[in-house]
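Visitor:
Numbering (my numbering), first residue to last: 27 to 181.
(1) Just grab the DSSP bridge partners of residue 65 for me.
(2) If I measure Cβ to Cβ from residue 106 and keep anything under 7 Å in the same chain, skipping five residues before and after, which residues do I get?
(3) Is the number of C-beta pairs between the region 71 to 83 and the region 97 to 117 that are closer than 8 Å three or more?
(4) Would you mind working out which of 88, 165 and 134 sits nearest residue 59, comparing C-alpha positions?
(5) Start and end of the alpha helix (DSSP H) containing residue 114?
(6) Measuring only the C-alpha atoms, how far is residue 103 from residue 154?
(7) Three-state secondary structure (DSSP) at residue 132?
(8) Starting from residue 84, follow the alpha helix (DSSP H) in both directions and report where the run begins and ends.
(9) Looking only at C-alpha atoms, which of 138, 119, 87 and 172 sits nearest to residue 64?
Here it is as structure tokens:
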């Protein structure tokens with residue numbers, strides 16, 4: 027525990043062993059066409075960064091079998107939990123595209139641009155809340171097995 031706390035790169039953010047950060051950016055182009063303004067291009071960039079603790083073979087070599095087994099269970103469960111955050115980010119990406127595609131046209135290009143930004147931002151806000159709800163529901167992965175017992179291994 028102390029080693030993970032000391033080595034994690036986000037000391038100022040949280041006390042969790044793993045972390046998945048994601049960022050969704052969008053760019054669009056609107057053009058007048060046949061008396062209305064339409065979105066002719068909408069592109070997104072989704073960046074997902076997952077950071078997990080690492081226990082090297084050299085570190086594990088002298089550890090008792092119970093400790094190595096506890097680590098294996100923990101890191102597998104933590105990886106699954108963090109992958110859940112990545113899936114939520116991918117769902118946000120799909121939802122933003124779906125909602126922006128459904129906007130149609132507008133007589134005013136600036137108004138259409140604002141609607142695109144507002145729609146994408148609203149969808150992003152909804153999915154950020156789903157991400158927080160996921161952590162609440164799973165207790166940051168603890169309900170999924172992402173815990174390492176403190177103290178000596180049981181005998």
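Idealized CB from N, CA, C, for every residue including glycine.
Guide: Quick answer:
(1) 56
(2) 170
(3) yes
(4) 134
(5) 91 to 127
(6) 22 Å
(7) strand
(8) 83 to 86
(9) 138
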